[in-house]
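Here the numbering used here runs 13 ahead of the position in the sequence shown, where the first position is 1.
Beta carbons are placed, not taken as given, at the ideal position from N, Cα and C, and that holds for glycine.
Computed from a predicted structure; not experimentally measured.
Working notes, structure below.
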Amino acid sequence: MSLKDRITEDMKAAMRAKEADRLLTIRGLLAAVKQKEVDERIVVDDAGLVAIVDKLIKQRKDSIGQFAAAGRDDLVAKETAELAVLQVYLPERLSAEAVAEKVAAIVAELGATGPGDMGKVMAAAKAALGNSAEMSTMSAAVKAALAK
């Protein structure tokens, strides 16, 4: 079963269980997928769907930070609940230590020496790690490896 099929089945289950908040979040995810498919005239595969989920999670985390700063605890709770629903659809992520080890190996393999090589190392790291690591974690590991 593809990730998109799993999300559709989860939407149906949320409808049957009358879980309005969960249903709203899943429908928002499917709407984002459909929008990408229509805009780019493609069929989103699992890797593309994970990228969409990553984007939506990043938006939720940003919103939580801003709502917390504004003292809007009601909206923080809503965004946190949506975040929990979306995180179910992400694959298992590597730890920061594992990402740092892999990035260090990539830096050594490419012979990168300083911050000027960050783009080259990030491209290689993204190709090697794919969706198994968050981009922010990967970026921090590359910066740390190149600063040595």
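Beta-carbon separation of residue i and residue j under 8 Å?
| i | j | result |
| --- | --- | --- |
| residue 144 | residue 60 | yes |
Taking only the alpha-carbon atoms, compute the straight-line gap between residue i and residue j and give it to the nearest angstrom.
| i | j | result |
| --- | --- | --- |
| residue 76 | residue 38 | 15 Å |
| residue 48 | residue 156 | 34 Å |
| residue 105 | residue 15 | 16 Å |
| residue 122 | residue 134 | 10 Å |
| residue 20 | residue 154 | 32 Å |
| residue 55 | residue 160 | 40 Å |
| residue 24 | residue 53 | 24 Å |
| residue 45 | residue 26 | 20 Å |
| residue 31 | residue 92 | 19 Å |
| residue 90 | residue 138 | 34 Å |
Enumerate in chain order the residues of its own chain whose CB-to-CB distance from residue i is below 8 Å, with the five nearest sequence positions on each side excluded.
| i | result |
| --- | --- |
| residue 63 | 16, 102, 103, 104 and 144 |
| residue 42 | 20, 65, 66, 69, 99 and 102 |
Keeping to the same chain, check which residues put their C-beta closer than 6 Å to that of residue i; ignore five residues upstream and five downstream.
| i | result |
| --- | --- |
| residue 158 | 116, 117 and 120 |
| residue 58 | none |
| residue 78 | none |
Excluding sequence positions up to five away, which residues of its chain have a Cβ less than 7 Å from the Cβ of residue i?
| i | result |
| --- | --- |
| residue 141 | 115 and 119 |
| residue 94 | 34 |
Sufficient close CB pairs (3 or more, under 8 Å) joining the segment 91-101 to the segment 23-43: yes
Is the segment 108-125 touching the segment 146-154 in the sense that three or more CB pairs, one from each, lie closer than 8 Å? yes
Looking at C-beta atoms only, is the number of pairs between the segment 64-73 and the segment 121-131 that lie closer than 8 Å three or more? no
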